[in-house]
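Participant: Residue numbers (this note's numbering), protein chains in the order written: chain A, 31 to 666; chain B, 152 to 451. Cβ coordinates follow ideal geometry from the N, Cα and C atoms, glycine included. Got a structure for you, questions after.
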């Protein structure tokens with residue numbers, strides 16, 4: 031062949047290579063199911079071995095003598111000296127081969143039970159799984175364990191290869207029995223589809239070519255199936271998300287945000303929202319070294335320039351403004367424990383999710399999962415290779431989507447802060463913020479929404495503030511009666527009940543009043559969780575204590591009511607001589623006298639005893655509660 | 152609609168790795184061996200940080216027996232791309248006049264390459280080092296993580312490597328510990344050549360066939376790159392058309408007879424190659440499982 035022809039044919043070859051898709055698949059199953067033999071066979075028969083590798087293989091096979099004079103394909107893929115001695119695969123190995131149609135990366139994972147974590151590692155990167163079953167033994171614990179992991183990690187394509195058919199005389203009945211058993215199990219575990227193929231990796235039946243020894247099997251040989259199976263990239267149909275990896279600032283005139291697109295695509299001009307901050311901007315440029323792009327796709331590493339100078343750094347996520355993900359600091363997650371040291375409930379680990387690393391407290395498992403029976407069992411902790419569902423609280427707000435919705439937005443790892451080792455992999459099932467389930471308790475399926483729904487109301491805290499004798503308690507009592515008459519469940523917390531009980535250990539001084547306020551806010555939150563409407567009647571002099579209360583209770587169910595009664599009117603209404611004592615200096619720290627009262631800047635409701643009667647005031651609040659959807663007016 | 156090709160996916164994955172390491176480590180470095188994998192790695196690093204300059208230096212551990220053309224090429228790349236390249240040679244080795252002929256390839260490689268590398272990492276206090284190793288090169292490398300942890304003594308323990316889940320890399324380490332990072336882990340030799348061709352990446356001319364002086368030893372063709380190569384009785388260098396699939400120290404690197412003078416021709420040779428890449432390297436054949444042993448000792 032002359033040089034010119036060589037170049038033309040190579041160019042054609044390269045173009046053909048470019049059309050090939052890339053499929054990453056994992057091989058799993060029990061320790062002796064023959065994974066290494068199968069991979070060795072795939073490499074050998076696809077003529078992908080170099081001559082020196084074949085020479086070494088033949089020499090090694092004779093030395094080990096496991097297959098008589100035949101070739102031991104497993105020797106091809108068992109790399110590390112220690113595992114070659116033990117005859118088991120102890121780590122995750124990656125192999126490469128290609129056919130005319132596709133390029134493949136084979137993720138070879140250990141079968142041994144103590145290496146389940148390695149199998150999960152492999153599965154996290156795979157688009158397809160080949161699950162090997164020994165035809166003589168049928169389903170094993172590992173078959174079930176691995177099926178569960180494949181399913182929970184969202185590996186959608188599953189091939190069940192019933193191996194060692196040569197040792198059961200290529201019996202169709204035998205094969206059918208195993209497949210029937212697996213079909214039943216797959217249903218339980220939630221695997222909707224799988225492809226079943228009877229093979230012998232050792233003899234080569236149905237691996238590359240259809241076997242003549244199993245004419246009853248009418249479908250494709252394994253390799254042909256791998257070449258043609260469709261695997262959709264689900265990340266393409268998702269809305270745009272990109273975790274910011276690195277802020278690109280070559281000089282003061284340029285500021286770009288580098289990352290790899292997690293899902294969806296992005297176009298110049300698209301509106302994006304930075305989360306968790308919520309700032310919005312527009313994409314002005316998509317930078318790559320070759321040329322600026324008009325549009326970028328999932329998995330593409332790019333640098334984005336935005337129209338506005340918004341606060342954005344590593345760990346944040348850029349999202350399509352049309353469809354933004356959730357933010358929370360409390361999650362329900364499915365965790366696989368990967369460390370020899372048991373999980374310590376209540377201990378803080380580091381959580382890496384996207385490009386963010388935050389402190390995360392893992393609570394006692396709500397339940398562990400017995401993978402063999404797929405039942406929930408109670409557990410105090412998770413040990414190596416155990417899986418379970420836990421609540422996780424994070425220090426920082428985290429942008430996320432449930433794993434089942436968007437894989438790359440719902441996966442995380444936990445890192446031991448002292449040893450720096452990766453101790454667990456996890457997937458987010460849902461936001462746990464909304465449900466406010468008490469974290470460390472075992473079974474709490476009735477949440478605040480259910481409780482409140484039973485009472486036909488939404489829980490809310492009405493936080494009154496105003497001088498003493500401004501009329502807060504009178505208004506609250508009037509409202510309490512209205513609510514009761516309307517069939518609602520409400521409760522009043524005031525100074526008398528608090529200082530004599532909950533806070534009897536405190537003094538009526540500044541710092542202690544802040545502590546009292548904190549306790550009251552916690553009680554309000556609990557009562558809200560119980561589904562109740564709560565009214566608090568305290569002077570609540572400081573902006574800061576009210577801000578803290580609002581945060582504790584949650585701003586969505588916190589209504590600040592300012593009873594704006596002037597001091598002289600309050601003094602006039604005083605029936606206990608309280609202000610007189612204060613004026614005489616017998617008591618101190620009294621708001622309006624020797625302590626500054628800080629009126630609210632943006633109260634939800636403002637009332638005053640000069641302008642409203644107590645009943646009128648109560649009506650105003652009652653109507654506001656209806657308007658905001660906390661209660662419904664009882665029709666007679 | 153645009154669709155990412157196989158190579159674009161690999162490229163993107165490698166860029167992601169580069170950025171993660173730069174964001175999460177204090178003092179990274181890229182080990183630059185001047186070979187074709189280093190050339191690809193350098194190209195990917197430039198892409199990852201563009202329009203910024205590569206935010207870390209390159210480092211070449213010079214064993215004093217590298218091919219002369221490699222050194223010329225290194226200096227040209229340094230100038231053309233305005234790179235910060237640190238060159239380190241083990242001074243103890245120089246004092247002992249270390250060479251593969253008198254000391255044997257194992258001792259020589261250990262002193263000049265393995266020890267030299269450890270020295271350089273310690274001197275500069277690098278806590279992360281990019282390397283161009285690929286999983287398809289050799290059996291024990293098939294199991295290498297992308298982020299590979301080294302003890303304070305730069306040792307690798309195959310049993311204590313961290314699991315790598317999804318694309319969430321845990322790069323945390325204690326003071327004194329370091330990580331080796333392999334952004335080309337999932338590339339094959341063919342991918343490397345195809346990428347060099349498509350991206351027009353400059354590589355050392357030794358990869359292309361040319362008439363060069365060689366002697367034949369134990370079935371390997373050794374190039375007589377300078378007068379330091381001792382010739383055995385009856386050995387006479389002859390000019391033969393050769394090229395290299397892999398580059399290292401010239402007395403330890405076997406050449407192959409070839410007429411491939413262009414990239415498409417090299418790719419064609421690779422497509423029908425009968426010998427896997429590392430066979431040209433003498434050090435892999437020293438002992439059984441030799442690469443794993445070297446890795447445990449701290450060789451890349």
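1) Within 10 angstroms of the Cβ of residue 664 of chain A, are there 16 or more other Cβ atoms? Answer buried if so, exposed if not.
2) Can you tell me where the alpha helix (DSSP H) with residue 148 of chain A in it begins and where it stops?
3) Taking the alpha carbon of residue 380 of chain A as the reference point, which residue from A:447, A:487 and A:71 has its own alpha carbon closest?
4) Kindly indicate which three-state DSSP category residue 467 of chain A falls into: helix, strand or coil?
5) For chain A, is any of its Cβ atoms less than 8 angstroms away from the one on residue 453 of chain B?
6) DSSP on residue 418 of chain A, reduced to helix/strand/coil?
7) Grouping DSSP H, G and I as helix and E and B as strand, with all else coil, what is residue 367 of chain A?
8) Take residue 661 of chain A and list the residues in its own chain whose beta-carbon comes closer than 6 angstroms to its own, dropping the five residues that flank it on each side.
9) Out of A:131, A:409 and A:410, point me to the one whose CA is closest to residue 258 of chain A's CA.
10) With a cut-off of 8 angstroms, does the C-beta of residue 358 of chain B fall near any C-beta of chain A?
11) Using three-state DSSP, classify residue 320 of chain B as helix, strand or coil.
12) Rounded to whole angstroms, what is the Cα-Cα separation between residue 139 of chain A and residue 125 of chain A?
13) What are the residues of the region 269-297 of chain A that lie near chain B, defined by any Cβ-Cβ distance shorter than 8 angstroms?
14) Which runs of the alpha helix (DSSP H) at least 4 residues long sit entirely within the region 134-222 of chain A? Give them in chain order.
15) Using only the alpha-carbon positions, how far apart do residue 412 of chain B and residue 418 of chain B sit?
16) For residue 43 of chain A, which residues in the same chain have their Cβ closer than 7 angstroms to its Cβ, ignoring the five residues on either side in sequence?
17) Would you list the one or two residues that DSSP bridges to residue 400 of chain B?
18) With respect to 7 angstroms, is the separation between the Cβ of residue 251 of chain B and the closest non-hydrogen atom of the ligand SAH below this value?
19) Name the two residues that bound the continuous alpha helix (DSSP H) containing residue 259 of chain B.
20) Hey, residue 54 of chain A and residue 135 of chain A: beta-carbon distance below 8 angstroms or not?
21) For residue 299 of chain B, which beta-bridge partners are listed by DSSP?
22) With H, G and I counted as helix, E and B as strand and the rest as coil, what does DSSP make of residue 167 of chain B?
23) According to the neighbour-count rule (16 or more other Cβ atoms, all chains shown, within 10 Å of its Cβ), is residue 246 of chain A buried or exposed?
24) In angstroms with no decimal places, state the Cα-to-Cα distance between residue 365 of chain A and residue 64 of chain A.
25) Can you say whether residue 300 of chain B is buried or exposed, counting buried as having 16 or more other CB atoms within 10 angstroms of its CB?
26) Quick one, which of A:49, A:410, A:402 and A:254 has its alpha-carbon nearest residue 374 of chain A's?
27) Identify whether residue 493 of chain A lies in helix, strand or coil by the three-state DSSP scheme.
28) Could you give the DSSP three-state label for residue 636 of chain A: helix, strand or coil?
29) Can the beta-carbon of residue 340 of chain A be found less than 8 angstroms from the beta-carbon of residue 427 of chain A?
30) Rounded to whole angstroms, how far is the Cβ of residue 183 of chain A from the Cβ of residue 150 of chain A, which I believe are closer than 8 angstroms?
31) Is the beta carbon of residue 287 of chain A less than 8 angstroms from the beta carbon of residue 333 of chain A?
32) Rounded to the nearest angstrom, what separates residue 368 of chain A and residue 449 of chain A at their Cα positions?
33) DSSP three-state call for residue 225 of chain A: helix, strand or coil?
34) If you measure beta-carbon to beta-carbon, which residues of the region 340-352 of chain A are closer than 8 angstroms to chain B?
35) Just mark residue 405 of chain A as buried or exposed, buried being the case when its beta carbon has 16 or more other beta carbons within 10 Å.
36) How do the region 573-583 of chain A and the region 644-659 of chain A stand: do at least 3 beta-carbon pairs fall below 8 angstroms, yes or no?
Facilitator: By the coordinates alone:
1) Taking the first chain and counting its residues from 1, the one referred to as residue 664 of chain A is at position 634. Exposed, because fewer than 16 other Cβ atoms sit within 10 Å of the Cβ of residue 664 of chain A.
2) For the purposes of this step, residue 148 of chain A is identified with residue 118 of the first chain, where counting begins at 1. Per DSSP, residue 148 of chain A belongs to the alpha helix (DSSP H) from 146-153.
3) Looking up residue 380 of chain A in the first chain gives position 350. Among A:447, A:487 and A:71, the Cα nearest to that of residue 380 of chain A is on A:447.
4) As a first step, residue 467 of chain A is located in the first chain; it is residue number 437 there, counting from the start. Below a pLDDT of 50, predicted positions are generally treated as unreliable, and residue 467 of chain A, at 40, falls in that range; the measurement from the model is reported next regardless. Residue 467 of chain A: coil per DSSP, three-state reduction.
5) Residue coverage of chain B in this structure runs from 152 to 451, which leaves residue 453 of chain B outside it and unanswerable.
6) To locate residue 418 of chain A, count along the first chain from 1; it is residue 388. Three-state result, residue 418 of chain A: strand.
7) If you number the first chain from 1, residue 367 of chain A lands on position 337. In the structure shown, residue 367 of chain A sits in a strand (DSSP, three-state: E or B).
8) Looking up residue 661 of chain A in the first chain gives position 631. So the list reads 487, 518 and 655, once near-sequence residues are dropped.
9) Residue 258 of chain A sits at position 228 when you count from the first residue of the first chain. If we check each option's Cα against that of residue 258 of chain A, A:131 comes out closest.
10) Start at 1 with the first residue of the second chain, and residue 358 of chain B comes out as number 207. Not one chain A Cβ lies under 8 angstroms of residue 358 of chain B.
11) The residue given as residue 320 of chain B occupies position 169 in the second chain. Coil.
12) Taking the first residue of the first chain as position 1, residue 139 of chain A is located at position 109. Taking the first residue of the first chain as position 1, residue 125 of chain A is located at position 95. Straight-line Cα distance between these residues: approximately 11 angstroms.
13) 275, 276, 278, 279, 280, 284, 286, 288, 289 and 290
14) 146-153, 171-182 and 202-219
15) Within the second chain, the letter at position 261 stands for residue 412 of chain B. Within the second chain, the letter at position 267 stands for residue 418 of chain B. If I take the Cα positions, the gap works out to 11 angstroms.
16) Numbered from 1 along the first chain, position 13 holds the residue referred to as residue 43 of chain A. Closer than 7 angstroms at the Cβ level, and outside the excluded window around residue 43 of chain A, lies no residue.
17) Against the second chain, residue 400 of chain B aligns to sequence position 249. BP columns for residue 400 of chain B point to B:217.
18) No copy of the ligand SAH occurs in the structure displayed, which carries no ligand at all.
19) Counted from its first residue, the second chain places residue 259 of chain B at position 108. That run of the alpha helix (DSSP H) goes 251-260.
20) Counting from 1 along the first chain, the entry for residue 54 of chain A is found at position 24. Counting from 1 along the first chain, the entry for residue 135 of chain A is found at position 105. Yes, these two residues count as a Cβ contact at 8 angstroms.
21) Numbered from 1 along the second chain, position 148 holds the residue referred to as residue 299 of chain B. B:331.
22) Along the second chain, one-based indexing puts residue 167 of chain B at 16. Looking at residue 167 of chain B - three-state DSSP - the assignment turns out to be helix.
23) Counted from its first residue, the first chain places residue 246 of chain A at position 216. Exposed.
24) Indexing the first chain from 1 puts residue 365 of chain A at position 335. Indexing the first chain from 1 puts residue 64 of chain A at position 34. Using only the alpha carbons, I get a separation of about 29 angstroms.
25) Translated into the one-based positions of the second chain, residue 300 of chain B becomes position 149. Under this definition residue 300 of chain B is a buried residue.
26) Within the first chain, residue 374 of chain A is the residue found at index 344, counting from 1. Considering only alpha carbons, the answer is A:410.
27) Your numbering for residue 493 of chain A matches position 463 in the first chain. Residue state, collapsed to three classes: strand.
28) Translated into the one-based positions of the first chain, residue 636 of chain A becomes position 606. Correct three-state label for residue 636 of chain A: strand.
29) Within the first chain, numbered from 1, the residue matching residue 340 of chain A stands at position 310. Within the first chain, numbered from 1, the residue matching residue 427 of chain A stands at position 397. No, Cβ-Cβ distance for residue 340 of chain A and residue 427 of chain A is not below 8 angstroms.
30) Residue mapping note: residue 183 of chain A aligns to position 153 of the first chain, counting from 1. Residue mapping note: residue 150 of chain A aligns to position 120 of the first chain, counting from 1. Sure, about 7 angstroms apart at Cβ, within 8 angstroms.
31) Stepping through the first chain from its first residue, residue 287 of chain A is reached at position 257. Stepping through the first chain from its first residue, residue 333 of chain A is reached at position 303. The answer is yes: Cβ separation under 8 angstroms.
32) Along the first chain, one-based indexing puts residue 368 of chain A at 338. Along the first chain, one-based indexing puts residue 449 of chain A at 419. Distance between the alpha carbons of residue 368 of chain A and residue 449 of chain A is about 14 angstroms.
33) For the purposes of this step, residue 225 of chain A is taken as residue 195 along the first chain, with counting starting at 1. The answer is strand: DSSP assigns residue 225 of chain A an E or B state.
34) 344
35) Translated into positions along the first chain, residue 405 of chain A becomes position 375. By the 10 Å Cβ count, residue 405 of chain A comes out exposed.
36) no
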